[in-house]
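Everything on this sheet refers to the single structure shown next.
Number of protein chains: 2
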Amino acid sequence: MTSVRPAEIRVSEIFGPTIQGEGILIGLPTVFVRTGGCDYRCSWCDSLHAVDSEYREDWRAMSTEDVWQEVVRLSGGSPVMVTLSGGNPAIQPLGGLIDRGHEEGYRFALETQGSVARDWFAELDVLVLSPKPPSSGMETDWEAFDACLRLSKGRPQTVLKIVVLDEADYAYARAAAARYPHLPVYLQPCNHTPPPPDADDAPIDVEGILERMRWLVDKAAEDRWLEARVLPQLHVLIWGNKRGV
Amino acid sequence: MTSVRPAEIRVSEIFGPTIQGEGILIGLPTVFVRTGGCDYRCSWCDSLHAVDSEYREDWRAMSTEDVWQEVVRLSGGSPVMVTLSGGNPAIQPLGGLIDRGHEEGYRFALETQGSVARDWFAELDVLVLSPKPPSSGMETDWEAFDACLRLSKGRPQTVLKIVVLDEADYAYARAAAARYPHLPVYLQPCNHTPPPPDADDAPIDVEGILERMRWLVDKAAEDRWLEARVLPQLHVLIWGNKRGV
Numbered sequence: 024m025t026s027v028r029p030a031e032i033r034v035s036e037i038f039g040p041t042i043q044g045e046g047i048l049i050g051l052p053t054v055f056v057r058t059g060g061c062d063y064r065c066s067w068c069d070s071l072h073a074v075d076s077e078y079r080e081d082w083r084a085m086s087t088e089d090v091w092q093e094v095v096r097l098s099g100g101s102p103v104m105v106t107l108s109g110g111n112p113a114i115q116p117l118g119g120l121i122d123r124g125h126e127e128g129y130r131f132a133l134e135t136q137g138s139v140a141r142d143w144f145a146e147l148d149v150l151v152l153s154p155k156p157p158s159s160g161m162e163t164d165w166e167a168f169d170a171c172l173r174l175s176k177g178r179p180q181t182v183l184k185i186v187v188l189d190e191a192d193y194a195y196a197r198a199a200a201a202r203y204p205h206l207p208v209y210l211q212p213c214n215h216t217p218p219p220p221d222a223d224d225a226p227i228d229v230e231g232i233l234e235r236m237r238w239l240v241d242k243a244a245e246d247r248w249l250e251a252r253v254l255p256q257l258h259v260l261i262w263g264n265k266r267g268v
Numbered sequence: 024m025t026s027v028r029p030a031e032i033r034v035s036e037i038f039g040p041t042i043q044g045e046g047i048l049i050g051l052p053t054v055f056v057r058t059g060g061c062d063y064r065c066s067w068c069d070s071l072h073a074v075d076s077e078y079r080e081d082w083r084a085m086s087t088e089d090v091w092q093e094v095v096r097l098s099g100g101s102p103v104m105v106t107l108s109g110g111n112p113a114i115q116p117l118g119g120l121i122d123r124g125h126e127e128g129y130r131f132a133l134e135t136q137g138s139v140a141r142d143w144f145a146e147l148d149v150l151v152l153s154p155k156p157p158s159s160g161m162e163t164d165w166e167a168f169d170a171c172l173r174l175s176k177g178r179p180q181t182v183l184k185i186v187v188l189d190e191a192d193y194a195y196a197r198a199a200a201a202r203y204p205h206l207p208v209y210l211q212p213c214n215h216t217p218p219p220p221d222a223d224d225a226p227i228d229v230e231g232i233l234e235r236m237r238w239l240v241d242k243a244a245e246d247r248w249l250e251a252r253v254l255p256q257l258h259v260l261i262w263g264n265k266r267g268v
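Which chain is which? The protein sequence lines are A and B, in order. If you use our numbering, the first sequence closes out at 268, no skipped numbers anywhere. If you use our numbering, the second sequence closes out at 268, no skipped numbers anywhere.
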């Protein structure tokens with residue numbers, strides 16, 4: 024990838040401040056910039072409205088400055104953690120937004136599967152690499168994944184976050200953690216009832232998620248895998264599948 | 024306090040590994056050492072079985088070595104984060120246990136209200152200071168609290184964790200955060216249906232806790248208090264009021 028930064032960012036939604044519901048920043052107030060478009064199609068994707076091109080009419084092509092002004096408006100000008108999510112935000116030109124926000128004391132976390140590497144990863148404050156396990160139906164390109172780490176130059180705080188649906192996913196998570204022993208690991212029980220992209224606040228099997236959470240906690244403990252954190256999607260427990268919270 | 028270390032630790036229960044359900048270590052596998060006895064009587068205490076002297080017959084006076092051997096047994100000899108909780112664990116002689124565990128690569132987090140300062144606080148890896156807000160019925164002795172920080176010598180990772188039931192508690196949390204601007208803050212919606220000390224797995228108002236969680240997230244966002252993390256007691260959502268998980 025070159026460092027060319029086209030003017031426009033494809034945006035699905037910008038909302039917040041609300042708390043980050045997952046992973047290393049769980050509980051932290053953040054403004055989400057969710058970009059449109061993804062090079063993956065995970066079977067249990069919970070953000071299809073930002074992934075499936077059927078919904079691309081809802082996406083807006085925005086300039087870096089327009090995205091920035093919306094972040095400032097939502098945060099009332101108070102520096103906040105900005106979470107760049109998607110879809111896969113790595114396929115958007117976000118380097119300029121990060122630079123702009125840093126000038127004002129904002130911080131930036133990126134959530135990506137690690138399939139597309141960008142030189143601006145090195146400007147991030149937090150890099151959440153979320154390789155997709157077998158149940159997603161995707162296959163991990165570990166060379167692309169390694170390129171993400173290489174281009175980040177060790178600057179952002181970097182972690183692995185892996186969704187786990189079943190035993191095969193758990194084995195995948197174990198292998199990924201072994202491959203990157205220096206990276207903190209966050210395991211996340213899969214939400215197996217993701218919202219359909221055209222329905223806000225769809226029903227959700229909370230008890231099923233909690234059951235998977237308990238299974239995962241027990242499994243990691245039995246394996247003496249005592250470094251990985253196990254965290255559910257807190258926003259799903261608090262707000263269900265509702266969007267924009 | 025002197026550095027005299029009496030032989031016996033008053034223990035209410037030792038269990039795990041399970042995940043830490045609260046605060047900075049949320050999601051991390053840990054073995055809990057819950058000590059018996061407390062200098063506080065919080066109105067909504069969720070561990071009365073480790074606080075009220077009515078239950079002291081269930082507490083065991085154990086040597087440091089016996090406590091250590093139980094931690095080793097539960098963790099299968101794999102180094103794990105040990106959480107020292109209570110009651111108020113600061114009134115127990117825990118310095119020797121911390122030294123013993125450190126020799127084997129274990130780490131130690133202490134949860135205390137900050138009413139009793141010990142020189143061994145400086146040996147901790149994580150110090151969670153949890154001053155009690157007005158709804159607890161307790162009054163904070165800030166001089167004792169400052170002594171905890173002083174004796175920790177800035178060595179452990181130190182955070183504030185504050186339970187919030189209502190507006191008055193929120194104002195207290197705001198003031199405490201302003202008093203210690205260098206300490207990360209974790210806000211925790213109060214579990215207003217704590218388990219009675221003699222009943223395992225008592226009913227619990229999950230929806231009420233989630234309602235308070237949503238209120239707290241909104242309130243912090245409206246106030247542009249964007250550095251404090253807001254986290255519920257995850258173990259209560261996952262396992263209810265059940266003990267030993």
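Ideal Cβ positions, reconstructed from N, Cα and C, are used throughout, including at glycine.
Query, Result
"Under 8 Å Cβ-Cβ, which residues of chain B neighbour A244 of chain A?", "G39, P40, T41, P52"
"Output, in sequence order along the chain, the residues in the stretch 120-132 of chain A whose CB is closer than 7 Å to any CB in chain B.", "none"
"What residues of chain B sit near S101 of chain A, judged by a beta carbon separation below 7 Å?", "R247, L249"
"Can you pull the chain B neighbours of R252 of chain A, defined as C-beta to C-beta under 7 Å?", "G50, L51"
"For I261 of chain A, go through chain B and note every residue whose CB falls closer than 7 Å to its CB, in chain order.", "L233, M236, R237"
"Does the beta carbon of S98 of chain A sit closer than 8 Å to a beta carbon anywhere in chain B?", "yes"
"Report the residue from A:P218, A:E127, A:S70, A:S138 whose alpha carbon sits nearest the alpha carbon of G110 of chain A.", "A:S70"
"Considering only their Cβ atoms, is the gap separating V253 of chain B from L233 of chain B smaller than 8 Å?", "no"
"Keeping to the same chain, check which residues put their C-beta closer than 8 Å to that of P255 of chain B; ignore five residues upstream and five downstream.", "Q211, P212, I232, L233, M236"
"In the DSSP assignment, what are the bridge partners of V182 of chain A?", "A:V151"
"With Y78 of chain B and H72 of chain B assumed to form a contact (beta carbons below 8 Å), what rounded beta-carbon distance in angstroms separates them?", "5 Å"
"Nearest-angstrom Cα distance between L48 of chain B and E88 of chain A?", "37 Å"
"Taking all protein chains shown into account, do 16 or more other C-beta atoms lie within 10 angstroms of the C-beta of S159 of chain B, making it buried, or fewer, making it exposed?", "buried"
"Quick one: what's P52 of chain B bridged to in DSSP?", "B:I42"
"Mapping DSSP to helix, strand and coil, what is M236 of chain B?", "helix"
"When the Cα atoms are used, what is the spatial distance from M161 of chain B to V151 of chain A?", "41 Å"
"Using the Cβ count rule (16 or more neighbours within 10 Å means buried), how would you classify W143 of chain B?", "buried"
"Mark P226 of chain A as exposed unless 16 or more other C-beta atoms lie within 10 angstroms of its C-beta, in which case mark it buried.", "exposed"
"Bridge partners for M85 of chain A per DSSP, in chain order?", "A:I32"
"On the three-pair Cβ rule with 8 Å, is the stretch 178-193 of chain A touching the stretch 115-128 of chain A?", "no"
"Whole angstroms are fine: how far does the CA of A140 of chain A sit from the CA of T288 of chain A?", "What is shown of chain A runs 24 to 268, which leaves residue 288 of chain A out entirely."
"For L117 of chain A, which of helix, strand or coil comes out of DSSP?", "coil"
"Do the stretch 165-174 of chain B and the stretch 32-49 of chain B make contact, defined as three or more Cβ pairs closer than 8 Å?", "no"
"Short of 7 Å in beta carbon distance, which residues of its chain neighbour D75 of chain A, apart from the five on each side in sequence? Order them along the chain.", "P220"
"Only counting the same chain, and skipping five residues up and downstream in sequence, which positions put a Cβ closer than 8 Å to that of L257 of chain B?", "I42, G44, E45, I49, G50"
"Label D246 of chain B either buried or exposed according to how many other C-beta atoms from any shown protein chain fall within 10 Å of its C-beta, with 16 as the threshold for buried.", "exposed"
"Can you list, in chain order, the residues of its chain with a C-beta nearer than 7 Å to that of G59 of chain A? Leave out the 5 residues immediately preceding and following it.", "R33, V34, S35, A73, R79, W82, G110"
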